[in-house]
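Residue numbers (the numbering used here), protein chains in the order written: chain P, 1087 to 1368; chain E, 4 to 379.
The beta-carbon is built from N, C-alpha and C at its ideal position, and this holds for glycine as well.
Given the structure is predicted, the values throughout are model-derived calculations rather than measurements.
See below for the structure under consideration.
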Amino acid sequence: MSHNASIPHRLIGQDAPPAPSLVRATFTVLWTPINGFLEWFGELGLFSWQVLRAAVRRPFEGQELLRQFDEIGSKSLPLVALAGAAIGFVLSLESRSSLVHFGAQSMLPAALVYSIIHETGPIVTGLVVSGRVGAGIGAELGSMKVTEQIDAIEASGVNPYKFLAFTRILACILVLPLLTMAADFCGVLFGWIAETAAAPVSFQRFVSQGFAGSSFKDFLAPTFRTLVFGLIIGMIGCFQGMRTRGGTAGVGLSATSSVVLSSLFVILADVILVKIILVFFS
Amino acid sequence: MSRTARLGAFVIVTLAILAAGVFIIGSKQYLFTPTYRLKAQFATVVGLDRGAEVRIGGVHTGTVREIDLPSKPNDKITVLMDLQQSTHGIVKQDSIASIETEGLLGNEYVAISFGTAQALNVKDNDTIGSEPPLVIADLMKKADGILDTSQQALTNVTVVTANLSSISGKINQGQGTIGALVNDKKVYTQLDETTAGLRDTVNHAQAGVTAFQENMEAMKSNFLVRGFYKKRGYENSADLEKNEIPQLPETAPLKTFTFDSKQLFDKQDNAKPKNQKSLRAAGQFLTDTEFGVAVIVVSTGATGDTQKDLVLTQARAMVVRDYLVGNFSFDDLQLKTLGRGKGTSDTPDSGWGTVAIIVYPADTEAHTQTSAANPK
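The following block contains the structure:
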């Protein structure tokens, strides 16, 4: 105490003010979403790893895979076909009115086929499936999680990552290119119907003109990039479903977030995939 | 519908669509029909792509399979094409491949012309002839040049037209000679008469001159007159002053050869050469030595008519020069003549006059202009 004697008394006690709460609050506000984002990605990585590890182990769940094929593929077909048809019809009408300005309406079949096969078909299929299937998977697995069915499956000696997640993800991956082709076909067909209503042309001639100058790289690369869309949809749907917390409200939240996130990632992945295809296939 | 049946239908339908797509594109590229391969070489393929159409007589009958860049700069680009077997009867060894464009900006395709009936059939991997493609950019450049030129031409035409217009205006108003000629009948009649008269005169004069020339030529070789020219020593008086210089150079001479005219010429009053071999020493010197200019200076004796003597000296100089130039090899442009005319009485000779060949050193130049200070 003796060395404190020279310090004026009024200063003692005002020393060491409390930590500035404003800075800490700002930091917390900024950090929380970043932290959440990083945690989400970390959990997704762990989840993927567990699914992958489960996938390579026997037994393979063939029956469940077929059931998911039907659930995700066959039942999505009418929806995807209708979406493709509508898009083809609209594209045909719209491009016709703009091509007529340049006197280039004879280019319409090629323009329509090119745009449907290259971009519209795959992305529409990806978005429609992520809406229908992403929500379905998220809600189904979410309710299983909150009703502790997943724990029951695990307790009965079945790996839920294999039985529930991997079958759905694989089904999504395999089904998406097939659905894309259905969407492409309906798009071209209805594009022709719209075109022939304005200026009659045979379907054979329409297809012949539409595919003039196109090669396999125009057809196969864009169609099979939807394999990646399937992976994204299945993975995010299962992940959001299996990390559901907090009862029925959590189920709704999982369904919503799996649709939103899978649609978002499908579109983002499309940007990268189109660039990759342009670099490697042209 | 059972779940399995639904699933089967889904898979079959979508795979059928895949197969249809593959076959549509495959048939466009002739992947599933029997084909044979032809090659053609081009300096440029103007953006032709793999998979482009090959057309024979405008019908799509094949596809471009490969486009190979050459490995050496002198080689050409090779285009490999697959053609339907059915075209074997039309395409022959003399068919020509050319690269054409659909419309102005459309896709490029290869067009192959029909062969002639006599030509040999093509075999697989044969190379057929090609035509260089039309490059729009080159056309544009040419068209640009043509436009520039025609613009200049049009500008010129405009100027000419303006001049013509002005001239024709004046003519029409009767201004100037042509105007008078056109608008005044009297002038025209007079001019016409005058021109006719003039033409007659000229015709006569021309006939006269021609006849005279012929006579002269005849006379020169006539034995009666030939003696005159022979005695005189030269034929054409017009050549006398051809190589003459007005005065001697002022430089100190390199060497001087002096001869008495009596040794070289037949008579006192002519230029007929005699005993020219005595000029040899001079000729040899000119051949062996680098000299700037050499002058043959001739003068006569103190007797005789001044004017005649001048002509005589010029003629003698010319005759000597002709001999030297004709018998020795040196630059004849450097050998000049100078006819001095009537000499002075104190010249140490026989009275016939002298011939001197004065040789000047290499950097001397001959005066070709007549100097007023030193007339000849």
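Cross-chain neighbours of residue i in chain P, by beta carbon under 7 Å
i              : result
R9 of chain E  : D1156, S1160
F26 of chain E : In chain order: nothing, as chain P lies at least about 10 Å away.
Partner residues on chain E for residue i, Cβ-Cβ distance less than 9 Å
i                : result
S1184 of chain P : Within 9 Å Cβ-Cβ: nothing; S1184 of chain P doesn't reach chain E, min ~18 Å.
G1299 of chain P : K31, D52, G54, A55, E56, N110
M1321 of chain P : Here the premise fails: no neighbours, minimum Cβ distance about 22 Å.
F1146 of chain P : Simply none; closest approach about 17 Å.
L1152 of chain P : R6, T7, L10
L1264 of chain P : F13, V14, V16, T17, L18, I20, L21
Pair within 7 Å by beta-carbon distance, residue i and residue j
i                : j                : result
I299 of chain E  : I248 of chain E  : no
F1252 of chain P : V1137 of chain P : yes
A122 of chain E  : K95 of chain E   : yes
V301 of chain E  : G346 of chain E  : no
F333 of chain E  : T290 of chain E  : yes
G1336 of chain P : V1214 of chain P : no
P136 of chain E  : V62 of chain E   : no
T1312 of chain P : L1264 of chain P : no
G1273 of chain P : I1173 of chain P : yes
G182 of chain E  : K188 of chain E  : no
L243 of chain E  : A297 of chain E  : no
G1217 of chain P : V1115 of chain P : no
G1228 of chain P : T1334 of chain P : no
R40 of chain E   : D85 of chain E   : yes
E1147 of chain P : F1249 of chain P : yes
R324 of chain E  : T306 of chain E  : no
S98 of chain E   : I139 of chain E  : no
I1255 of chain P : P1246 of chain P : no
I28 of chain E   : F1297 of chain P : yes
R6 of chain E    : D1156 of chain P : yes
F1276 of chain P : F1175 of chain P : yes
Rounded straight-line distance, which links the Cα of residue j to that of residue i
i                : j                : result
L1152 of chain P : S1178 of chain P : 37 Å
A1167 of chain P : Q1154 of chain P : 19 Å
Y112 of chain E  : G92 of chain E   : 21 Å
F1367 of chain P : G1189 of chain P : 31 Å
Y363 of chain E  : F288 of chain E  : 12 Å
T303 of chain E  : T309 of chain E  : 10 Å
A1197 of chain P : A1221 of chain P : 34 Å
A241 of chain E  : A165 of chain E  : 50 Å
S171 of chain E  : A156 of chain E  : 22 Å
L1317 of chain P : I1259 of chain P : 5 Å
F1271 of chain P : I20 of chain E   : 7 Å
K75 of chain E   : F45 of chain E   : 14 Å
M1289 of chain P : G1212 of chain P : Going by the sequence as given, residue 1289 of chain P is Phe instead of Met. Approximately 27 Å between the Cα atoms of the pair.
G1207 of chain P : L150 of chain E  : 50 Å
N186 of chain E  : A221 of chain E  : 52 Å
Partner residues on chain E for residue i, Cβ-Cβ distance less than 7 Å
i                : result
V1293 of chain P : I27
F1057 of chain P : This structure gives no information on residue 1057 of chain P, because the portion of chain P shown stretches from 1087 to 1368.
S1305 of chain P : One point to set straight first is that residue 1305 of chain P is Phe, not Ser, in the sequence displayed. Neighbours of F1305 of chain P on chain E, chain order: G24, I28.
L1163 of chain P : F13
Closest by C-alpha distance to residue i, when choosing among the options
i                : options                            : result
E103 of chain E  : E:G356, E:E56, E:L157              : E:E56
D312 of chain E  : E:Y326, E:D272, E:K280             : E:D272
V82 of chain E   : E:P76, E:T47, E:D97, E:Q88         : E:T47
M4 of chain E    : P:I1120, P:L1108, P:K1161, P:R1144 : P:K1161
P252 of chain E  : E:S332, E:D366, E:K277             : E:D366
V1357 of chain P : P:V1274, P:F1315, P:L1306, P:V1346 : P:F1315
N278 of chain E  : E:F268, E:G286, E:A285             : E:F268
Q1295 of chain P : P:Y1200, P:L1317, P:P1246, P:P1195 : P:P1195
S89 of chain E   : E:G211, E:T38, E:T119              : E:T38
G329 of chain E  : E:K280, E:G295, E:N77              : E:K280
Q87 of chain E   : E:T36, E:Q337, E:V163              : E:T36
V1365 of chain P : P:A1238, P:P1308, P:E1180, P:L1124 : P:P1308
V16 of chain E   : P:G1338, P:T1266, P:T1282, P:F1305 : P:T1266
A1361 of chain P : P:A1111, P:A1140, P:E1205, P:F1127 : Reading the sequence as shown, one finds Lys at residue 1361 of chain P and not Ala. For K1361 of chain P, the nearest C-alpha among the options comes from P:E1205.
Paired residues, beta bridge with residue i - DSSP
i                : result
D325 of chain E  : Partner(s): none; D325 of chain E has no beta bridge.
R40 of chain E   : E:D85
R58 of chain E   : E:H63, E:A114
R276 of chain E  : Contrary to the premise, residue 276 of chain E reads as Pro rather than Arg in this sequence. Partner(s): E:F268.
R1125 of chain P : Checking the displayed sequence, the identity of residue 1125 of chain P turns out to be Glu instead of Arg. Partner(s): none; E1125 of chain P has no beta bridge.
L142 of chain E  : The partner list for L142 of chain E (beta bridge, DSSP) is empty, contrary to what the question assumes.
L338 of chain E  : E:A297
K95 of chain E   : E:N124
Residue i: contacting residues in chain P (beta-carbon distance under 8 Å)
i              : result
I20 of chain E : M1267, A1268, D1270, F1271
R68 of chain E : Within chain P, no residue comes near R68 of chain E; the closest Cβ sits about 11 Å away, beyond 8 Å.
V82 of chain E : Result: empty, since nearest Cβ-Cβ is about 16 Å, beyond 8 Å.
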